Each structure stands twice: as structure tokens, then as C-alpha cells.
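Read the structure below first, then the notes.
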Ligand SMILES: C[S@@+](CC[C@H](N)C(=O)[O-])C[C@H]1O[C@@H](n2cnc3c(N)ncnc32)[C@H](O)[C@@H]1O
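Residue numbers (this note's numbering): 62 to 451.
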């Protein structure tokens with residue numbers, strides 16, 4: 062492909078990605094793979110170049126751009142050499158017209174900027190390292206770390222290894238043997254905030270595909286009870302093969318019916334030493350991995366998420382035994398989903414006490430702590446640990 066054809070391909074892909082973000086369709090990565098499946102003439106260098114252009118354009122625009130061409134013209138504003146690709150050649154984009162609009166550069170959507178004013182928003186779009194968690198059911202970090210000379214120890218999480226550059230860890234025998242799992246240090250810390258230990262009853266209420274469930278399984282070391290719940294069948298079904306690889310036996314799974322969660326969990330009422338609510342959220346803390354999510358979030362969607370989080374907290378609290386703990390986490394830096402959500406819970410349950418969820422990582426916010434990509438090098442999270450009255 063010529064440089065102009067690559068830019069035109071990027072524009073076409075951006076048009077599809079913009080429409081899909083607006084209509085709740087497939088993710089950018091899926092759309093890019095589909096696009097190239099039907100364009101076999103594009104070699105691996107072409108595909109990489111187009112992908113880089115597309116992601117550069119996505120990262121540059123906090124708000125959903127008018128069109129793929131406007132998004133690409135934004136890149137021209139930053140790198141005038143790219144203008145030469147707008148040459149009107151048969152497979153290239155039409156020449157730039159005088160006064161033609163480029164998408165404005167902004168790290169975050171304008172409507173969210175005030176809510177993120179306390180954070181270095183550029184860092185929300187930075188490059189994420191690759192973090193692994195050593196599975197203590199099978200190995201120790203001390204034994205595994207020397208096998209990977211490129212790895213450094215994560216500064217806060219007890220079992221984490223960090224790689225500056227990503228690599229195909231799923232091709233590595235240590236991943237296939239369940240000795241390591243891919244998990245951001247922030248997620249590892251949320252599992253640590255549960256302080257799960259052998260003999261405990263632990264409920265992971267929003268387990269998804271089980272990222273944190275597996276860390277909790279390692280913490281209870283096969284002694285105790287671990288119940289993983291979710292309302293999404295597809296996500297929950299991904300837990301079993303991961304658990305098998307990790308050697309995490311006897312995880313109970315419960316697929317919940319939205320709106321009827323409490324009834325399905327009635328037998329666990331007042332029994333859990335710890336309940337983790339890793340709530341569905343806007344994902345503002347994971348934009349560095351998924352920058353196009355900025356184009357999907359709307360005030361309505363955020364309001365629905367905040368209402369769902371509050372409802373899930375009301376399902377979770379009665380499961381905790383007297384003296385047990387409720388850990389609430391979101392991969393978001395928006396107070397509406399984090400500190401304000403827990404303030405509201407604390408307003409209704411004044412006798413619950415907030416505790417420090419973990420050591421020095423992050424900084425205090427409301428009743429909990431935030432982990433921030435710029436300061437902590439993790440994805441962005443809010444986490445609070447609340448102790449049930451005895
Ligand atoms: C942030 S994700 C969980 C990620 C997971 N804990 C992990 O570590 O990979 C939130 C999950 O909450 C689930 N969810 C949404 N509404 C729920 C509800 N009412 N009860 C339980 N889970 C729910 C979603 O399906 C989603 O899998």
C-alpha cells in the first residue's frame with residue numbers, strides 16, 4: 062500500500078469505529094481485524110502502519126470526532142508531513158480543502174474534563190506496562206522473577222512482575238502452565254485489599270471472567286469457600302478454563318439474574334468474611350488500554366452505571382458477616398462512581414467503618430483510595446474497604 066492508501070484505510074476504519082462507538086457496536090480492535098480479513102493485499106507492515114494511525118487518531122480526540130477524515134486531519138495538524146498523503150491519488154484521500162476542519166486535540170471528553178481535573182489526563186492515555194501476577198498456588202515470585210531478566214518487581218503488589226514492553230506472554234510455557242496470569246498491578250492490589258486468607262468465605266460478586274477471582278483463590282489456597290458471581294454468562298464461562306490452568310479448584314460459580322441477585326444469594330446472607338464488589342463502571346481508569354471507550358461514554362450511560370453500582374452495593378452488604386469486610390472497587394477515576402458512591406453507602410449504613418485497603422499505594426479520596434496511572438503506574442481505580450459492624 063502507498064502511504065496515501067494507508068491514510069485512506071485509516072480514515073475508512075475511523076468512520077466505522079466512530080459509528081460503532083455511537084451505536085454501541087463492536088470494539089476498535091475487532092473492527093480493525095475484520096477490515097483486514099477482507100483486504101488480503103495489505104501486508105503486515107501495512108496493517109501495523111494503519112493500526113498505528115488509527116490509534117494515534119483515537120488517542121488524540123477526547124470527544125467522538127465528526128468523521129474519520131476529521132480525526133485524521135487532526136494528526137496532520139500535529140505532523141504536517143502527513144498532509145502529503147492527501148494527494149487525491151486513486152487509493153488515497155482527496156486533497157485537503159482550505160478551512161477544512163480537523164478534530165480538536167483533547168485527552169478527555171469535554172463534558173468529563175471538570176470531573177477529571179485532579180488528574181494528569183494525558184497520563185490516562187499513556188502506554189501501559191505489562192504486569193503479571195505470579196500464581197502462588199504454583200510458585201513464588203522469588204522463584205519466578207529470575208527466570209525473566211527483563212521483569213522488575215511491581216512496587217506495591219506482593220506477587221507482581223512488570224515488563225516495560227508487552228510481549229506474547231500467552232506463548233510462554235509459564236503462562237500456559239498457570240504459573241503467571243496477566244493482571245495490572247492495580248487489579249492485583251484490589252484483590253489484596255480483600256485480605257482473603259485460608260479458611261475464609263469469600264464472595265466475588267462481579268467476577269466477570271475471573272481476573273480477581275483467581276487472585277482470591279490463590280490467597281485462600283484451596284482452604285475455604287470462594288463464590289464467583291456475575292450476570293453475564295459469556296464472561297463467567299471464561300473463568301473455568303482459567304481456573305483449571307491456575308490449579309484453582311472448587312470455585313463455586315453463580316450466574317445471577319439481573320434484578321434478582323439477592324434471592325439467588327439468600328443462602329449466603331451474613332456468612333461472608335469478605336465480599337468484593339468490582340463493579341461495572343465507565344472504565345475511565347483503563348482508557349490507556351481502550352482509548353475509544355471515551356467515545357462511547359455519555360452522561361446517560363454514566364448515570365445508569367452509577368445507579369447499577371448503588372444497587373449492587375445493596376445486594377453485597379447483607380452477605381457480609383458481622384465483623385466481615387466489603388471491598389468496593391471501580392476502574393474509574395470519576396467520583397460519582399467511586400468516592401461519592403461510597404459516601405452515599407456510608408450515609409445509609411453509618412455503622413460501617415472505612416479501613417485502609419492497602420499500604421502506601423495511591424492516595425486517599427473520600428472513604429477510600431485512588432490509584433492513578435500518572436502517580437502509581439497502574440490503571441486508574443477507586444477502592445474502599447468497609448468493615449461491617451459486629
Ligand atoms: C469490572 S467488571 C468485573 C471484572 C472482574 N472482576 C475481573 O477482575 O476481571 C464488572 C462485572 O460486573 C458484572 N455485573 C454487572 N451487573 C451485575 C450485577 N447486577 N450483579 C453481578 N455482576 C454484575 C458485569 O457483567 C461485569 O462482568
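Every residue, glycine too, gets a C-beta built ideally from N, C-alpha and C. Quick caveat: nothing in here was measured; it's all calculated off a predicted structure.
message: Could you check whether the Cβ of residue 516 sits closer than 6 angstroms to any heavy atom belonging to ligand 1?
response: Nothing in the structure corresponds to residue 516, since the chain is present only between 62 and 451.
task: For residue 322, write down the residues that DSSP places opposite it in a beta bridge.
output: Position 261 of the chain shown, counted from the start, is the residue given in the question as residue 322. BP columns for residue 322 are empty, so no partner.
- prompt: Among residues of its own chain, excluding the 5 on either side of residue 355, which ones have a beta-carbon nearer than 7 angstroms to its beta-carbon?
  reply: Indexing the chain shown from 1 puts residue 355 at position 294. Correct list, in chain order: 123, 169, 170 and 348.
field: Identity of the residue in 319, 285 and 316 nearest residue 333 by Cα
entry: The sequence position of residue 333 within the chain shown is 272, counting from 1. Among 319, 285 and 316, the Cα nearest to that of residue 333 belongs to 285.
- prompt: Any heavy atom of ligand 1 closer than 6 angstroms to the CB of residue 292?
  reply: In the chain shown, the residue the question calls residue 292 occupies position 231. Flag set: Cβ of residue 292 near ligand 1.
- request: Measure the beta-carbon distance from residue 72 to residue 130 and round it to whole angstroms, keeping in mind my assumption that it falls under 8 angstroms.
  value: Locating residue 72 in the chain shown gives position 11, counting from the first residue. Locating residue 130 in the chain shown gives position 69, counting from the first residue. Confirmed, about 5 angstroms.
- prompt: If you draw a straight line from the alpha carbon of residue 395 to that of residue 192, how long is it in whole angstroms?
  reply: Counting from one through the chain shown, the residue named residue 395 turns up at place 334. Counting from one through the chain shown, the residue named residue 192 turns up at place 131. In a straight line, the C-alpha of residue 395 is about 24 angstroms away from that of residue 192.
message: Can you check which of these residues, 152, 134 and 390, is closest to residue 144 by C-alpha distance?
response: Here residue 144 is taken as the residue at index 83 of the chain shown, counted from 1. When only C-alpha atoms are compared, the closest one is 134.
Inter-residue spacing [alpha-carbon to alpha-carbon] between residue 236 and residue 303: Along the chain shown, one-based indexing puts residue 236 at 175. Along the chain shown, one-based indexing puts residue 303 at 242. Approximately 11 angstroms, taken between the alpha carbons.
- request: To the nearest angstrom, report how far apart residue 74 and residue 152 are at their CA atoms.
  value: The count along the chain shown starts at 1 and reaches residue 74 at position 13. The count along the chain shown starts at 1 and reaches residue 152 at position 91. Between residue 74 and residue 152, the C-alpha separation is close to 14 angstroms.
- prompt: Quick one: is residue 245 buried, meaning 16 or more other Cβ sit within 10 Å of its Cβ, or exposed?
  reply: In the chain shown, the residue the question calls residue 245 occupies position 184. When all chains shown are included, residue 245 counts as buried.
task: State the DSSP-derived secondary structure class of residue 104, mapped to helix, strand or coil.
output: Counting from one through the chain shown, the residue named residue 104 turns up at place 43. It is coil, neither helix nor strand.
field: beta strand (DSSP E) segment containing residue 262, residue limits
entry: In the chain shown, residue 262 corresponds to position 201, counting from 1. Here the beta strand (DSSP E) through residue 262 covers 262-265.
message: Within the continuous beta strand (DSSP E) that includes residue 312, where are the two ends?
response: Indexing the chain shown from 1 puts residue 312 at position 251. First-last of the beta strand (DSSP E) with residue 312: 312-316.
message: Quick check on DSSP: helix, strand or coil for residue 404?
response: Residue mapping note: residue 404 aligns to position 343 of the chain shown, counting from 1. In this structure, residue 404 counts as helix in the three-state DSSP scheme.
message: For a test of the three-state rule: what should DSSP assign to residue 225, helix, strand or coil?
response: Stepping through the chain shown from its first residue, residue 225 is reached at position 164. In this structure, residue 225 counts as coil in the three-state DSSP scheme.
task: Counting only the same chain and skipping the five closest in sequence on each side, list residues whose C-beta sits under 8 angstroms from that of residue 362.
output: Residue 362 sits at position 301 when you count from the first residue of the chain shown. For residue 362, where only same-chain residues beyond five positions count, the Cβ hits under 8 angstroms are 343.
query: Can you give the beta carbon distance from residue 264 to residue 447, rounded, assuming they're within the 8 angstroms contact cut?
result: In the chain shown, the residue the question calls residue 264 occupies position 203. In the chain shown, the residue the question calls residue 447 occupies position 386. With a Cβ gap of about 14 angstroms, residue 264 and residue 447 do not count as contacting.
- request: Identify every run of the alpha helix (DSSP H) within the stretch 353-430, keeping only runs that are complete inside it and at least 4 residues long; order them along the chain.
  value: 360-377 and 400-409
message: Can you tell me which residues form a DSSP beta bridge with residue 167?
response: Numbered from its first residue, the chain shown carries residue 167 at position 106. Answer is 122.
- prompt: With burial defined as no fewer than 16 other Cβ atoms inside 10 Å of the residue's Cβ, what is the status of residue 411: buried or exposed?
  reply: Residue numbering aside, residue 411 sits at position 350 when the chain shown is read from its first letter. Residue 411 is exposed by the Cβ-count criterion.
query: In terms of DSSP beta bridges, what is residue 442 paired with?
result: Taking the chain shown and counting its residues from 1, one reaches residue 442 at position 381. BP columns for residue 442 point to 432.
field: Inter-residue spacing [alpha-carbon to alpha-carbon] between residue 374 and residue 66
entry: Counted from its first residue, the chain shown places residue 374 at position 313. Counted from its first residue, the chain shown places residue 66 at position 5. The alpha-carbon atoms of residue 374 and residue 66 are separated by roughly 51 angstroms.
- prompt: To which residues of the same chain is residue 80 closer than 6 angstroms at the C-beta, ignoring the five residues directly before and after it?
  reply: Position 19 of the chain shown holds residue 80. Excluding positions up to five away in sequence, the list is empty.
task: List the residues that DSSP assigns as beta-bridge partners of residue 286.
output: Residue numbering aside, residue 286 sits at position 225 when the chain shown is read from its first letter. Bridge partners of residue 286: 262.
task: Identify which residue in 438, 337, 281 and 256 has its Cα closest to the Cα of residue 310.
output: Numbered from 1 along the chain shown, position 249 holds the residue referred to as residue 310. Comparing Cα positions, the closest option is 281.
- request: May I ask you to list the residues that DSSP assigns as paired with residue 448?
  value: Looking up residue 448 in the chain shown gives position 387. Answer is 386 and 414.
- prompt: Hey, out of 132, 238 and 413, whose CA is closest to residue 119's CA?
  reply: For this step, residue 119 is matched to residue 58 along the chain shown. Nearest C-alpha to residue 119: 132.
task: Classify residue 413 as buried or exposed, calling it buried when 16 or more other Cβ atoms lie within 10 Å of its own Cβ.
output: Indexing the chain shown from 1 puts residue 413 at position 352. The residue is buried, with at least 16 neighbouring Cβ atoms inside 10 Å.
query: Whose CA, out of 428, 421 and 442, lies closest to the CA of residue 216?
result: Residue 216 sits at position 155 when you count from the first residue of the chain shown. That would be 421, whose Cα lies nearest to the Cα of residue 216.
message: Taking 6 angstroms as the cut-off, is the C-beta of residue 296 nearer than that to any heavy atom in ligand 1?
response: As a first step, residue 296 is located in the chain shown; it is residue number 235 there, counting from the start. At least one heavy atom of ligand 1 is nearer than 6 angstroms to the Cβ of residue 296, so yes.
task: For the beta strand (DSSP E) containing residue 241, list its first residue and its last residue.
output: Looking up residue 241 in the chain shown gives position 180. 241-243 is the span of the beta strand (DSSP E), which, as asked, contains residue 241.
query: Does the Cβ of residue 202 have 16 or more other Cβ atoms within 10 Å, making it buried, or fewer, making it exposed?
result: As a position in the chain shown, residue 202 is number 141, starting the count at 1. Residue 202 should be labelled buried.
- request: Below 6 angstroms CB to CB, which residues in the same chain sit around residue 126 once its five sequence neighbours on both sides are set aside?
  value: Here residue 126 is taken as the residue at index 65 of the chain shown, counted from 1. Around residue 126: 132 and 164.
task: Taking only heavy atoms of ligand 1 into account, decide whether any of them is closer than 6 angstroms to the Cβ of residue 289.
output: As a first step, residue 289 is located in the chain shown; it is residue number 228 there, counting from the start. No, ligand 1 has no heavy atom inside 6 angstroms of this Cβ.
query: What's the C-alpha gap between residue 370 and residue 159?
result: One-based indexing of the chain shown puts residue 370 at position 309. One-based indexing of the chain shown puts residue 159 at position 98. Residue 370 and residue 159: Cα-Cα distance of roughly 48 angstroms.
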